[in-house]
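Visitor: Counting from 1, position 284 in the sequence shown corresponds to residue 283 in numbering that gives the first Met the number 0; the numbering is continuous, with no gaps.
Positions of the beta carbon are idealized from the N, C-alpha and C atoms, including for glycine.
What follows is a single structure, and I will ask about it in a moment.
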Amino acid sequence: MTTGSLLAADLVIAVLAAAAWLGGGAASAARRRPLALGLAAVALLATLARAITITALARAGWWFAAEKVLIAAPLSLAAVGIAGPRLLRAPGDIRAVAVPLLFAGYATSSALLVTILHGYPASAGAGLLAVAGVVAATVISGRALGAHLPRTVSRVALVVAVAALLTGTGLTVAPGAAPAVPHDHGSPAARIADEPTRRFTLTAGTATVDVGGRNVAAWAFNGQVPGPELTATVGDVVEVTLRNRDIGRGVTVHWHGYDVPNDQDGVPGVTQAAVRPGQEFVYRFRADQAGTYWYHTHSASDVGVRMGLYGVLVVRPGPATGLDVTVPVHTLAGRPLPAPKVEQVEAGLPVRLRLINTDSTTHRYAVAGTAFRVAAIDGVDLRGPTPLVDTAVLIPAGGRYDLVFDAPATPVALFVDGRAVYSTGPVSTATGAWPVLDPLGYGATAPVPWSRFDKTFTLVLDRGLDLRRLLPRYAHTVNGAADPDIPPQVVRRGDVVRFTIVNRSQIVHPWHLHGHHVLVLARDGKPATGSPLWLDSFDVRPGEVWEVAFRADNPGMWANHCHNLAHADAGMTLHLMYS
């Protein structure tokens, strides 16, 4: 069983235990003896089962079990310790065990709420608040049922509640306040002085586009979705003039995966001000990385990208050879956009499919009709890629895979989530059962370039109640805090930096660091064994632990966030800052 499955199982068992304890209490209060005893038995079994899952999670990593061991386990022990002996005595009037059973239910429920609403890290304040809630609920229930409870119980509830308030709940508040993110909206400091060799203009505006025969309201660059494909050759100086015609929330251009100088990165509030209607901004950088990339707005990015403000950036080492096709996958207004149409390809012609996932969720790709190689991932060539047949690839949000093959005489088709998006003829192959490539074991290995790390950071991804705003929100959190309260990671130029990224939530988080590619060291404690894997976007699935590293060689203030852009907007964004 994977750690992600354990997390899900533990949650289900906790809900079952809480429901059974509470149901048993309610049944005993109604003097329904068989039902009360049956539910209590279920609750005891579920509590025992949860002890097993918590132990397994603790072995997988303290991140996954901290609040369960420190808060849930003591509350569960108290529940069993108080309700168990009274059940064993089996009084003639089953109503006499109603309050102990309800206490057990409140204790289990309170521990469950700590996991759901508070999460990581465990805090004394959250534990005390949980205990105060349990005692208060028990007192109220006891009085409602006419049970005699010592006055000391009420006093304990009051003392614990005050202690919880004094220590703070710790709900999504990281230790220490996050310092303000410095930014300069003046003239860029790292402008490329050379005369541009490739000039483009992108005009952002509202538009109506045709999606499968249906007119859809969109936001578009140059009136089209996706925006125009920008191409360059290594060595070019690229200049892009961004104009905003009528996007009220402002626009920028972020060069996803392209390690441009910091002042060209297009993050509003960090590297520049958002471009408002009637304004413009000029980006300029040298094209020194060959590969497949894309660009998108980073102003209100969740809405902007989803509405269509994105496009493709391809930088080639020289003139293109053979058939070179970009396939950006995007969902607009709930409908997948059509892929580029390709005519019959001459047999033997080299083909490169540049697959780009511009959505916020993972897509499954499969090439049917020919063997292929994964030549590059996230713009970086792989070492010694081998031919693959009847194998699918998963591309995370923001990620890119370059697939290459020589065109066969028979038809070839590319399927995305089972839907044919590119074909040179009819292909009826079923691809749904194909195995999925694990890129950590693909290609020829090479030694890690570093023997030590100057800085190490751990990012624990979770969900929690964020109380730092005027209106509380259920945020996506990092180390227990939500943007803008997550402290930045501070590095020095030249540092070799290691990240450990832990996902203790129930959903996938595609992680994306701006301005750098990271080298994958290990996943779930197992070292990467294939080609060195330099990524800028990678899926951290529930229960997974990724270890990645990079050299800090691109100074500035960089966004570091989940590229499910709704998650980033809901708090899962922090910054990497050079001192």
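(1) Using DSSP's beta-bridge definition, name the partner residues of Tyr577.
(2) Using a Cβ-Cβ cutoff of less than 6 Å, which residues in the same chain neighbour Pro225 once the five nearest sequence positions on both sides are dropped?
(3) Relative to the C-alpha of Tyr364, which residue among Val313, Gly417, Gly104 is closest?
(4) Rounded to a whole number of angstroms, what is the C-alpha to C-alpha distance between Thr202 and Phe284?
(5) If you check the beta carbons only, do Pro195 and Val233 fall under 8 Å apart?
(6) Pair every Cβ in the stretch 472-491 with every Cβ in the stretch 428-435, then say whether three or more of these pairs are closer than 8 Å.
(7) For Asp380 and Phe102, what's the separation of their Cα atoms in angstroms?
(8) For Leu241, which option in Leu47, Gly256, Ala219 has the closest C-alpha, if you only look at C-alpha atoms?
(9) Which parts of the stretch 224-287 are runs of the alpha helix (DSSP H), unbroken and 4 residues or longer, counting only runs that do not cross its ends?
(10) Does the pairing of the stretch 131-140 with the stretch 45-64 give three or more beta-carbon distances under 8 Å?
(11) Applying the criterion that 16 or more other CB atoms from any shown protein chain within 10 Å of the CB defines a buried residue, is Ala188 buried or exposed?
(12) With the cut-off set at 8 Å, would you say Gly60 and Val501 are in Cβ contact?
(13) Check whether the stretch 27-44 touches the stretch 108-128, taking contact to mean three or more Cβ pairs, one atom from each stretch, closer than 8 Å.
(14) What span of residues does the alpha helix (DSSP H) with Ser75 cover, start to end?
(15) My assumption, with CB atoms under 8 Å, is that Ser422 sits in contact with Val411. Please give the rounded CB distance.
(16) I need the straight-line Cα distance from Ser300 to Leu44, nearest angstrom please.
(17) Is it the case that the Cβ atoms of Ala445 and Pro526 are separated by a distance below 8 Å?
(18) Just to confirm before moving on: does the CB-CB distance between Trp510 and Phe537 stay below 8 Å?
(19) Which of the three DSSP states is assigned to Ala365 in this structure?
(20) In the DSSP assignment, the alpha helix (DSSP H) including Thr137 goes from what residue to what residue?
(21) Which whole-angstrom value is the C-beta distance of Thr291 and Val313, which I expect to be below 8 Å?
(22) Note down the Cα distance separating Leu460 from Arg94, rounded to an integer number of angstroms.
(23) Looking at C-alpha atoms only, which residue of Pro227, Gly277, Asn261, Asp264 is the closest neighbour of Asn243?
(24) Return the first residue and the last residue of the beta strand (DSSP E) that Asp401 is part of.
(25) Please confirm if Leu38 has its CB atom under 8 Å from at least one CB of chain C.
Guide: This is what the structure holds:
(1) In the sequence shown, the residue the question calls residue 577 occupies position 578. Bridge partners of Tyr577: Val490.
(2) As a first step, residue 225 is located in the sequence shown; it is residue number 226 there, counting from the start. Tyr309, Gly310, Pro327, listed in sequence order.
(3) By 1-based counting over the sequence shown, the position of residue 364 is 365. Per the Cα distances, Gly417.
(4) For the purposes of this step, residue 202 is taken as the residue at position 203 of the sequence shown. For the purposes of this step, residue 284 is taken as the residue at position 285 of the sequence shown. Rounded to whole angstroms, Thr202 and Phe284 show a C-alpha spacing of 19 Å.
(5) By 1-based counting over the sequence shown, the position of residue 195 is 196. By 1-based counting over the sequence shown, the position of residue 233 is 234. Taking 8 Å as the Cβ cut-off, Pro195 and Val233 do not qualify as a contacting pair.
(6) Verdict: no, contact absent.
(7) Stepping through the sequence shown from its first residue, residue 380 is reached at position 381. Stepping through the sequence shown from its first residue, residue 102 is reached at position 103. One C-alpha to the other measures close to 60 Å.
(8) The residue given as residue 241 occupies position 242 in the sequence shown. Closest by C-alpha distance to Leu241, out of Leu47, Gly256, Ala219, is Ala219.
(9) Listed in chain order, there is nothing to give.
(10) Flag = no, the stretch 131-140 and the stretch 45-64 do not touch.
(11) Position 189 of the sequence shown, counting from 1, holds the residue named residue 188. Residue placement at Ala188 is poorly supported in this model, since its pLDDT is 45, which falls under 50; the coordinates still yield a value, given next. Exposed.
(12) Counting from 1 along the sequence shown, the entry for residue 60 is found at position 61. Counting from 1 along the sequence shown, the entry for residue 501 is found at position 502. Yes, Cβ-Cβ distance for Gly60 and Val501 is below 8 Å.
(13) With the cut-off at 8 Å, the stretch 27-44 and the stretch 108-128 do not touch.
(14) In the sequence shown, the residue the question calls residue 75 occupies position 76. Run containing Ser75: 72-88, per the alpha helix (DSSP H) assignment.
(15) The residue labelled residue 422 in the question sits at position 423 within the sequence shown. The residue labelled residue 411 in the question sits at position 412 within the sequence shown. About 7 Å; that satisfies the 8 Å criterion.
(16) Walking along the sequence shown from the start, residue 300 turns up at place 301. Walking along the sequence shown from the start, residue 44 turns up at place 45. The straight-line gap from Cα to Cα measures roughly 47 Å.
(17) As a working note, residue 445 is residue 446 in the sequence shown. As a working note, residue 526 is residue 527 in the sequence shown. Against a cut-off of 8 Å, the Cβ pair of Pro526 and Ala445 comes out as no contact.
(18) Within the sequence shown, the letter at position 511 stands for residue 510. Within the sequence shown, the letter at position 538 stands for residue 537. In this structure, Trp510 sits near Phe537, with a CB-CB distance shorter than 8 Å.
(19) On the sequence shown, residue 365 is found 366 positions in, with the first residue counted as 1. In this structure, Ala365 counts as strand in the three-state DSSP scheme.
(20) Along the sequence shown, read from residue 1 onward, the residue named residue 137 stands at position 138. Start and end: 123-143.
(21) Along the sequence shown, one-based indexing puts residue 291 at 292. Along the sequence shown, one-based indexing puts residue 313 at 314. 6 Å between Cβ atoms; contact.
(22) Position 461 of the sequence shown, counting from 1, holds the residue named residue 460. Position 95 of the sequence shown, counting from 1, holds the residue named residue 94. Between the alpha carbons of Leu460 and Arg94 lies a gap of roughly 44 Å.
(23) Position 244 of the sequence shown, counting from 1, holds the residue named residue 243. Closest by alpha carbon: Gly277.
(24) To locate residue 401, count along the sequence shown from 1; it is residue 402. Note, Asp401: beta strand (DSSP E), 399-405.
(25) Judged by its chain identifiers, the structure shown contains no chain C, having just a single protein chain.
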